[in-house]
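Everything on this sheet refers to the single structure shown next.
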Amino acid sequence: MSNKVFANGFEIACKKASGKSICAFPDVVWTPPDKVPPTPTGVPIPYPNTAMASDTSKGSKKVKITGAEVMLKNKSCYKKSMGDEAGVAQLKGFVTMKNRGKVYYVKWSMDVKIEGQNVDRHFDLTTHNHGSMPGNTPPWPYMDSMAIENGNSDDPCQKDKQNEADACDKLNMSHDEICEKAGLGNRKMESNDDAIANGYSGGIAEWKETMTKNASANNEHAECVRARRCKLVPYKPDGCCKSQSADHVIPKSSFYKTSVKDGTKVRGWSGNKKKSGYKPDKAPCMCAEGTSNVGGSHGLRHSIHKLKGTDAGVAEGQMVDFDEELERCASSSCEISKSPECSQECIEAQLREGHKSMGKSKKIKHSPSGNEMSQAEVDAIKTDYSSAASPR
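At position 34 of the sequence shown (counting the first as 1) the number is 85 in the numbering used here, and the numbers step up by one without a gap.
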């Protein structure tokens, strides 16, 4: 059940919560036959791994939520996980030599503590199938309910979460398998020569357009990829398909006086005792197609952002209110997120939460990039993408 106790706008993880860390992938486990040559140790098979809040162990001793213990940094765990039961060969987990192992958080609230320890929350990252550190799976978000800034427990992302569940659950496939079926499972092309060598005669520009059309295609795997686009991810680790890039929704250059390379951050975003300062690797990103701000859905989003700034009369480099720029960036992201469409309210809520621990929401720089386009040109490109066929 939802316990309505929040830290930094997200529900605190506790034994009585209804939260799950679902389908963490890949949990690579050695699987029988374990005594048949030529695989005496078994066959390494990746499994999706799931943990339940009801399996909370070693939580808070005195402070309780709904009468039960609370998850705490580097102390608590979910005492078991499930999904890799078939991996019963001698060595079990590829890294940990375990199956059905413990689940630990690797992220937590920076400023809310219980019994002297940071609390774990909804959307904090976990690693699965532990014997000890490290875990056997990459980090995976913890899903429960989210509260918005004014303390209302209504979840602004409820519709987007349901869209993802409707599009993806029925496939009963791992994240990587869905990406592969959608035509987005191969590595990113790094240059024209790279793209040409891999069959894209038009170079990297053709590859970007192909990946964007694959993601826009009218099939169930691409629909799942589009639904997951609404869930923002950190730049590292990003959780995107291999052919996608994590694109900073608010450009990282918005937080620097001159350039990211120079490294001098604008006032209010350098960090102090209570705020970490702007960290590009942790900032909210959207999974998009294309490796730069030119071409593909990645480039289109930047062009839309630039157009919105021009229409609002905002000059490049002008200092603007954080909330104003946040709204403009969220709106441009929603324009590349169709069928299903991302809720702007949800994108804005994630952006606020993702940047909240970094600065005081002071002014930031309007920092557009990408090709300059008219609204008619933008609409023509979106129409072209939406008419995409099956993935190449």
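Virtual Cβ for every residue (Gly too), placed ideally from N, Cα, C. Bear in mind the structure is a predicted one, so any value in this text is a computation, not a measurement.
query: Using DSSP with H/G/I as helix, E/B as strand and the rest coil, what is Arg403?
result: It is helical.
- request: Helix, strand or coil for Gln395, going by three-state DSSP, please let me know.
  value: Reduced to three states, the DSSP call for Gln395 is helix.
task: Please go through the same chain and pick out, in chain order, the residues whose beta-carbon is closer than 6 Å to the beta-carbon of Ser394, but skip the five residues on each side of it.
output: When the five nearest sequence neighbours on each side are left out, the beta carbons in the same chain lying within less than 6 Å of the beta carbon of Ser394 are those of Lys210 and Asp211, in order along the chain.
- prompt: DSSP state of Ile63, grouped into three classes?
  reply: In the structure shown, Ile63 sits in a strand (DSSP, three-state: E or B).
query: Span of the alpha helix (DSSP H) holding Tyr436?
result: Its alpha helix (DSSP H) spans residues Gln426 to Ser437.
task: Under 8 Å by Cβ, that's how I've got Glu274 and Ala339 pegged, so tell me the actual separation to the nearest angstrom.
output: Contact annotation, Glu274 with Ala339: C-beta distance approximately 16 Å; criterion of less than 8 Å not satisfied.
query: Would you report the Cα separation of Asp227 and Gly236, rounded to the nearest angstrom?
result: Their backbone Cα atoms lie some 7 Å apart in a straight line.
task: From the DSSP output, in three-state form, read off Val284 for me.
output: Three-state DSSP puts Val284 in a strand.
- request: Return yes when the Cβ of Leu123 is within less than 8 Å of the Cβ of Asn169, no when it is not.
  value: With respect to Leu123, Asn169 sits close: the two C-beta atoms are nearer than 8 Å.
- prompt: Hey, would you say Lys303 sits closer than 8 Å to Ala334, going by beta carbons?
  reply: Inclusion of Lys303 and Ala334 in the CB contact set at 8 Å is warranted, their separation being smaller than that value.
- prompt: According to DSSP, what are the bridge partners of Ile165?
  reply: Note: Ile165 is bridge-paired with Gln168 in the DSSP secondary-structure output.
query: Less than 8 Å separating the beta-carbons of Val300 and Tyr307?
result: The Cβ atoms of Val300 and Tyr307 do not sit closer than 8 Å to each other.
field: Endpoints, the beta strand (DSSP E) within which Ala297 is located
entry: Ala297: member of the beta strand (DSSP E) spanning Gln295 to His299, first to last residue.
message: Going by C-alpha to C-alpha distance, which of Lys413, Glu241, Thr263 and Glu166 sits closest to Gly350?
response: It is Thr263.
message: Check for me: the alpha helix (DSSP H) holding Lys264 runs from which residue to which?
response: Lys264 -> alpha helix (DSSP H) spans Gly254 to Ser267.
- prompt: Of the choices Ser105, Ser384, Glu257 and Pro391, whose alpha-carbon is the least far from that of His353?
  reply: Cα-wise, what sits closest to His353 is Ser384.
task: Count the other CB atoms, across all protein chains shown, that sit within 10 Å of the CB of Asp175; report buried if there are 16 or more and exposed otherwise.
output: So Asp175 ends up on the buried side.
task: Measure how close the beta-carbons of Met33 and Ala233 come, nearest whole angstrom, since I'm counting them as under 8 Å.
output: Any property of residue 33 remains undetermined from this structure, which presents the chain solely from 52 to 443.
Pairwise C-alpha distance: Arg277 and Lys389: When only Cα atoms are considered, Lys389 and Arg277 end up about 7 Å apart.
- prompt: Which value, in whole angstroms, describes the spacing of the CA atoms of Met197 and Lys324?
  reply: Because Met197 carries a pLDDT of 45, less than 50, the predicted location of this residue cannot be relied on, and no value is offered for it.
Beta-carbon proximity list for Gly421, same chain, < 7 Å, skipping 5 on both sides: Scanning its chain for C-beta atoms nearer than 7 Å, with the 5 sequence neighbours on each side dropped, one finds around Gly421 the residues Asn344, Val345, Gly350, His353, Ser354 and Lys357, in chain order.
- prompt: How would you call Ser418, buried or exposed, if buried means at least 16 neighbouring beta carbons within 10 angstroms?
  reply: By the neighbour-count rule (16 or more Cβ atoms within 10 Å), Ser418 is buried.
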